[in-house]
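Trainee:
Number of protein chains: 2
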Amino acid sequence: MDSLSFRIVNSKNMLRYIIIVSLLFNVCCGYIIFFKTDVCQKIIYKIGFGENPSMVNKRKIEFRCIQGWENTLYKMNVDADIVFFGNSITYESNFQQVFPDLKIVNMGCNKDIIDDLINRAFMIKSVHPKKIFVMGGINNFNATPLDEFKIKYETLVDSIRIYNPGANIFLQSILPVNPTKGVGTIYVDCVNKIKDANEIIENISRNNNCTYIDLFSAYQVNDTLPQKYTRDGLHLYPKYYDIWADVIKPFVE
Amino acid sequence: MDSLSFRIVNSKNMLRYIIIVSLLFNVCCGYIIFFKTDVCQKIIYKIGFGENPSMVNKRKIEFRCIQGWENTLYKMNVDADIVFFGNSITYESNFQQVFPDLKIVNMGCNKDIIDDLINRAFMIKSVHPKKIFVMGGINNFNATPLDEFKIKYETLVDSIRIYNPGANIFLQSILPVNPTKGVGTIYVDCVNKIKDANEIIENISRNNNCTYIDLFSAYQVNDTLPQKYTRDGLHLYPKYYDIWADVIKPFVE
Numbered sequence: 001m002d003s004l005s006f007r008i009v010n011s012k013n014m015l016r017y018i019i020i021v022s023l024l025f026n027v028c029c030g031y032i033i034f035f036k037t038d039v040c041q042k043i044i045y046k047i048g049f050g051e052n053p054s055m056v057n058k059r060k061i062e063f064r065c066i067q068g069w070e071n072t073l074y075k076m077n078v079d080a081d082i083v084f085f086g087n088s089i090t091y092e093s094n095f096q097q098v099f100p101d102l103k104i105v106n107m108g109c110n111k112d113i114i115d116d117l118i119n120r121a122f123m124i125k126s127v128h129p130k131k132i133f134v135m136g137g138i139n140n141f142n143a144t145p146l147d148e149f150k151i152k153y154e155t156l157v158d159s160i161r162i163y164n165p166g167a168n169i170f171l172q173s174i175l176p177v178n179p180t181k182g183v184g185t186i187y188v189d190c191v192n193k194i195k196d197a198n199e200i201i202e203n204i205s206r207n208n209n210c211t212y213i214d215l216f217s218a219y220q221v222n223d224t225l226p227q228k229y230t231r232d233g234l235h236l237y238p239k240y241y242d243i244w245a246d247v248i249k250p251f252v253e
Numbered sequence: 001m002d003s004l005s006f007r008i009v010n011s012k013n014m015l016r017y018i019i020i021v022s023l024l025f026n027v028c029c030g031y032i033i034f035f036k037t038d039v040c041q042k043i044i045y046k047i048g049f050g051e052n053p054s055m056v057n058k059r060k061i062e063f064r065c066i067q068g069w070e071n072t073l074y075k076m077n078v079d080a081d082i083v084f085f086g087n088s089i090t091y092e093s094n095f096q097q098v099f100p101d102l103k104i105v106n107m108g109c110n111k112d113i114i115d116d117l118i119n120r121a122f123m124i125k126s127v128h129p130k131k132i133f134v135m136g137g138i139n140n141f142n143a144t145p146l147d148e149f150k151i152k153y154e155t156l157v158d159s160i161r162i163y164n165p166g167a168n169i170f171l172q173s174i175l176p177v178n179p180t181k182g183v184g185t186i187y188v189d190c191v192n193k194i195k196d197a198n199e200i201i202e203n204i205s206r207n208n209n210c211t212y213i214d215l216f217s218a219y220q221v222n223d224t225l226p227q228k229y230t231r232d233g234l235h236l237y238p239k240y241y242d243i244w245a246d247v248i249k250p251f252v253e
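As they're listed, the protein sequences go chains A and B. With UniProt numbering as the guide, the letters of the first sequence map in order to residues 1 to 253. With UniProt numbering as the guide, the letters of the second sequence map in order to residues 1 to 253.
1) Does B:Leu234 get closer than 9 angstroms to chain A when you measure Cβ to Cβ?
2) Return the bridge partner residues of residue 263 of chain A from the DSSP annotation.
3) Contact between the region 217–229 of chain A and the region 67–82 of chain A is defined here as three or more beta-carbon pairs at a separation below 8 angstroms; is this criterion met?
4) Looking at the C-beta of A:Cys40, does it have a partner C-beta in chain B at a distance below 9 angstroms?
5) What residue range is occupied by the uninterrupted alpha helix (DSSP H) comprising A:Thr72?
6) Can you name the residues that DSSP bridges to A:Thr230?
7) Pick out whichever of A:Tyr187, A:Asp115, A:Met135, A:Val177 has its Cα sitting closest to the Cα of A:Asn142.
8) Please name the residues in the UniProt domain "SGNH hydrolase-type esterase" (90–242) of chain A whose beta-carbon is closer than 7 angstroms to at least one beta-carbon of chain B, in chain order.
9) Report the residue from A:Ile82, A:Asp232, A:Ile132, A:Val27 whose alpha carbon sits nearest the alpha carbon of A:Thr180.
10) Looking only at its own chain, which residues have a Cβ that is under 6 angstroms from the Cβ of B:Phe122, when we skip the five neighbours before and after it?
11) Thinking C-beta only, is A:Pro238 closer than 9 angstroms to A:Tyr94?
12) Does the region 168–178 of chain B come close enough to the region 205–217 of chain B to have 3 or more Cβ pairs within less than 8 angstroms?
13) Could you give the residue range of the beta strand (DSSP E) that holds A:Asn168?
14) Using 9 angstroms as the limit for Cβ to Cβ distance, is A:Asn26 near chain B?
15) Give me the chain B residues within the contact set of A:Glu51, using Cβ-Cβ distance strictly less than 7 angstroms, ordered along the chain.
16) Taking contact to mean at least 3 C-beta pairs separated by less than 8 angstroms, is the region 124–131 of chain B in contact with the region 80–89 of chain B?
17) Mapping DSSP to helix, strand and coil, what is B:Ile213?
18) Report the three-state DSSP secondary structure of A:Thr224 (helix, strand or coil).
19) Within 9 angstroms (strictly less), CB to CB, does B:Lys12 reach chain A?
20) So, is the C-beta of B:Trp244 closer than 9 angstroms to a C-beta in chain A?
21) Look at A:Pro176 and A:Thr224 and say whether their C-beta atoms are less than 9 angstroms apart.
22) Should the region 44–56 of chain B be regarded as contacting the region 99–106 of chain B, the criterion being three or more beta carbon pairs within less than 8 angstroms?
23) Can you name the residues of chain A whose CB is closer than 7 angstroms to the CB of B:Met55?
24) What does the alpha-carbon distance come out to for the pair A:Val21 and B:Cys40?
25) Mapping the DSSP letters down to three states, classify B:Gly30 as helix, strand or coil.
26) Beta-carbon within less than 7 angstroms of B:Ile201's beta-carbon, same chain only, minus the 5 sequence neighbours each way: which residues are those?
27) List the endpoints of the continuous alpha helix (DSSP H) containing B:Cys40.
28) Alpha carbon to alpha carbon, how far is A:Val134 from A:Leu117?
29) Which residues, in chain order, does the region 64–82 of chain B contribute to contact with chain A at a C-beta distance below 8 angstroms?
30) Decide if B:Lys46 is buried, meaning its Cβ has at least 16 other Cβ atoms within 10 Å, or exposed.
31) Would the beta-carbon of A:Tyr241 fall within 9 angstroms of that of A:Glu92?
32) Can you name the residues of chain B whose CB is closer than 8 angstroms to the CB of A:Gly30?
33) Taking 9 angstroms as the cut-off, decide whether the C-beta atoms of B:Ile113 and B:Gly136 are in contact.
34) Quick one: which chain A residues come within Cβ less than 9 angstroms of B:Tyr58?
35) Judging by CA-CA distance, which residue of B:Gly108, B:Gln96, B:Lys75 is the nearest neighbour of B:Ser88?
36) Buried or exposed, going by whether 16 or more other CB atoms sit within 10 Å of the CB of A:Gly184?
If you want it as structure tokens, here you go:
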């Protein structure tokens, strides 16, 4: 073999070694990515199958705290008149102050999407409420098609009913948003969709022996939430919960 | 160029392309593994620096539920006589039944390690308790060196005190385990270590104006938990909470 051929073959061998090492490294990385993370399940979810693995994982992690929350209430031997069940908009309410003669339990949880509400619907029974006021759906609403919204909301109502067969269930409409302010801006394309969702909630109420409460109309001006009511386009300033209290008063008492 | 040289050069080019693609793939995989997962932080944690990223992430995810739990209690306007604060062993207790004339709130949470208890110590203040009974430390105890245990337990007591400056704090000893049964078996090397940890808790009580309650002695036979008391080597059968109730009775009333 002459000197040139030798150099070519030698450098070819070197390339071969590099490629083998590189391919082995690829296989290791691929193994870690696909089996040690939830990339696989995320791809399955993205193409329209399976549940969002981050959500499933999150719900698993949260569940022991929800159990603790339920257990605390259960062991306090409370007989509630009303449970308010929902996301941060419910969390920030304080209807116990407005209706001091009733035993009211606030079960709001920040950032809850409908899946989260379904996940913890079981906890309502811990206080044996006579009435359950539900508000949910605005979190992740922009990313939720209305047919999916309908299915999930029905599942939520079923879950609440199963655990509380004797309670009266009140489904409160989604509030309007202000799409020019704070987090409200992510709902800029949802102004009319919220009205459609509320029609769906009203229909679900009718078909499931629940009472629909239209809060949307009490707050909206041109189908949106006036700036003065809201700190971020989505959440109410405390004093504007009075409008809510006025609307539900006939159902509460 | 003759035919042989051409083939060598050509195959060399082909190898070059493969190696470039392979290296690019390596870079992408490396990027995903190091920046889109917590591998980096896990390595830092393994070599003794930083906090366990899984724990940090878990606590972040759980926090909104803990907030909801706290908010529910706060808005119920409860003035508690006693809060029982701890892990699943507290969760499974029902001292409200034993002391029906007192307002008792069970704040047990399954699987809580001391870090978790520190994380949610703020929630105790929601019910303005006169007395706080704490039990914690057995979860992850086998993997926790005693000096670390001491630091964390002191932090826990500080956290409880900061949020509840007027309350009396009672630190209850860790219970003995049965290392031949169920989950108790993972504590097979901890029989004496539990006694040492209880001495640490007793010292912390003395130095922090808390009251130490020795439950260990009330349950132990040869430093372990007799089989008949425990369903899994760690948790008590409901009826054997009576022993606990007898020990704490003088402090409760």
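A virtual CB, placed ideally from N, CA and C, is assigned to each residue, including glycine.
Mentor: By the coordinates alone:
1) no
2) One cannot answer for residue 263 of chain A here, as it falls past the ends of chain A, which runs 1 to 253.
3) Verdict: no, contact absent.
4) No, A:Cys40 does not count as interfacial toward chain B.
5) 53–75
6) Bridge partners of A:Thr230: A:Leu236.
7) Closest in C-alpha terms to A:Asn142, from the list A:Tyr187, A:Asp115, A:Met135, A:Val177, comes A:Tyr187.
8) Cβ proximity to chain B below 7 angstroms picks out Tyr91, Asn94, Gln96, Val105, Asn106, Met107, Gly108, Cys109, Asn110, Lys111 from the UniProt domain "SGNH hydrolase-type esterase" (90–242) of chain A.
9) A:Asp232
10) Answer for B:Phe122: Tyr163, listed in chain order.
11) The question names Tyr, but residue 94 of chain A in the sequence shown is Asn. Yes. Within cutoff.
12) yes
13) 168–172
14) By this cut-off, A:Asn26 is an interface position.
15) Under a criterion of Cβ atoms nearer than 7 angstroms, no residue of chain B is adjacent to A:Glu51; the nearest Cβ is some 16 angstroms distant.
16) yes
17) Three-state result, B:Ile213: strand.
18) strand
19) Output row for B:Lys12: interface = yes.
20) No, no contact with chain A.
21) yes
22) no
23) By Cβ distance, chain A contributes nothing, its closest Cβ being about 11 angstroms from B:Met55, past 7 angstroms.
24) 22 angstroms
25) helix
26) Tyr153, Leu171, Ser173, Tyr212
27) Start and end: 39–46.
28) 10 angstroms
29) Of all residues in the region 64–82 of chain B, only Arg64, Cys65, Ile66, Gln67, Gly68, Trp69, Asn71, Thr72, Leu73, Lys75, Met76, Asn77, Val78 come within less than 8 angstroms of chain A when Cβ atoms are compared, listed by chain position.
30) exposed
31) yes
32) Cys29
33) yes
34) Reading off the sequence shown, one finds Lys at residue 58 of chain B, where the question assumed Tyr. Within chain A, the residues near B:Lys58 are Ile61.
35) B:Gly108
36) buried
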